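Single-structure report; data block below.
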Amino acid sequence: MTAHRTHRIVGSLWAVLLVCFPSHLTAEDLTCLIHPYVTITIVSPVAGVLETVTVDRGDLVKEGQILATLDTSVERATGAVAHAQAELTNRRLADLELNRTSAEVALRTIKSPINGVVVERYMHPGEFPKQERILKLAQIDPLRLETYVPVSMFGKIAVGMSAMVKPEKPIKGEFSAKVTVVDKVVDAASGTVGVRLELPNPHNKLPAGLKCTLKFSHR
């Protein structure tokens with residue numbers, strides 16, 4: 011890497027640092043970004059024609075709620091025939107065939123793994139998903155906050171420490187968050203350390219994607 015390129019990259023990093031820590035902020039008054047706690051892409055574990063998609067963008071979903079189903083007519087018919095044939099010869103085999111059919115049908119019933127909100131809907135009934143995206147979900151209670159602190163604060167911030175968070179307008183008020191992760195590796199170029207916090211969000215009142223400022227509580 012040439013000296014000129016190295017200088018250009020370091021200059022860019024310092025430009026980012028100045029954005030992250032504007033001159034009017036103190037070392038304890040830091041910028042942050044509010045993310046969903048987790049984002050999940052829903053795909054079908056097996057091939058088949060989409061029969062229903064029961065949710066759309068913006069809908070709230072509960073863990074275990076049915077989001078979509080694939081057509082199961084072939085599996086049910088095949089299973090019924092196999093079960094009937096097995097019953098004529100072996101009751102145990104018939105039970106196994108019934109269990110197999112139930113498992114195949116269950117794979118074609120797609121349920122939500124989280125409590126959250128539908129971020130995007132990619133497919134509709136009649137389409138044929140084969141390891142393709144059907145929906146994207148986001149869990150927004152709790153929320154995840156990411157911030158970067160000066161290396162001078164390393165050792166002063168610990169997991170479990172509280173911070174007061176102020177989201178950008180039009181959201182009003184301050185909210186309490188707790189530190190869940192403090193990076194053990196310092197970014198030498200910017201002289202910062204990454205910190206992650208968890209912010210409770212009952213009733214999903216706060217949206218993800220907001221900028222924010224935070225101040226760590228003094229111990």
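Sequential numbering of the sequence shown, starting at 11, is according to our numbering. Ideal placement from N, C-alpha and C gives every residue a C-beta, glycine not left out. Given the structure is predicted, the values throughout are model-derived calculations rather than measurements.
Proximity to residue i [Cα-Cα], best of the options
i: residue 59; options: 41, 45, 168, 144; result: 144
i: residue 49; options: 128, 142, 114, 161; result: 128
i: residue 212; options: 40, 55, 151; result: 151
i: residue 208; options: 147, 46, 131; result: 46
i: residue 217; options: 158, 83, 65, 154; result: 154
i: residue 175; options: 83, 206, 138; result: 206
i: residue 62; options: 165, 121, 192; result: 121
i: residue 191; options: 200, 185, 204; result: 204
i: residue 80; options: 226, 146, 133, 171; result: 133
i: residue 123; options: 57, 72, 64; result: 72
i: residue 226; options: 135, 194, 164, 200; result: 164
i: residue 64; options: 78, 74, 118; result: 78
i: residue 117; options: 171, 162, 42, 56; result: 56
i: residue 210; options: 185, 194, 171; result: 185
For residue i, three-class secondary structure by DSSP
i: residue 227; result: coil
i: residue 48; result: strand
i: residue 142; result: coil
i: residue 163; result: helix
i: residue 131; result: strand
i: residue 208; result: strand
i: residue 110; result: helix
i: residue 54; result: coil
i: residue 102; result: helix
Residue environment, residue i, which counts as buried when at least 16 other CB atoms sit within 10 Å
i: residue 76; result: exposed
i: residue 54; result: buried
i: residue 173; result: buried
i: residue 202; result: buried
i: residue 148; result: buried
i: residue 139; result: buried
i: residue 102; result: exposed
Whole-angstrom distance between residue j and residue i, CA atom to CA atom
i: residue 109; j: residue 198; result: 58 angstroms
i: residue 125; j: residue 214; result: 10 angstroms
i: residue 187; j: residue 158; result: 15 angstroms
i: residue 141; j: residue 69; result: 23 angstroms
i: residue 189; j: residue 167; result: 8 angstroms
i: residue 52; j: residue 66; result: 13 angstroms
i: residue 177; j: residue 160; result: 21 angstroms
i: residue 200; j: residue 39; result: 18 angstroms
i: residue 17; j: residue 196; result: Any answer about residue 17 is weak, because its pLDDT of 41 lies below 50 and its placement is not dependable; what the coordinates show is given next. Each residue's alpha carbon lies about 20 angstroms from the other.
i: residue 162; j: residue 44; result: 24 angstroms
i: residue 115; j: residue 156; result: 41 angstroms
i: residue 130; j: residue 74; result: 19 angstroms
Cβ of residue i within 8 angstroms of any chain C Cβ
i: residue 68; result: The displayed structure is made up of one protein chain only, and chain C is not part of it.
- State whether the segment 166-182 contacts the segment 212-223, with contact taken as three or more CB pairs (one from each stretch) at a distance under 8 angstroms. yes
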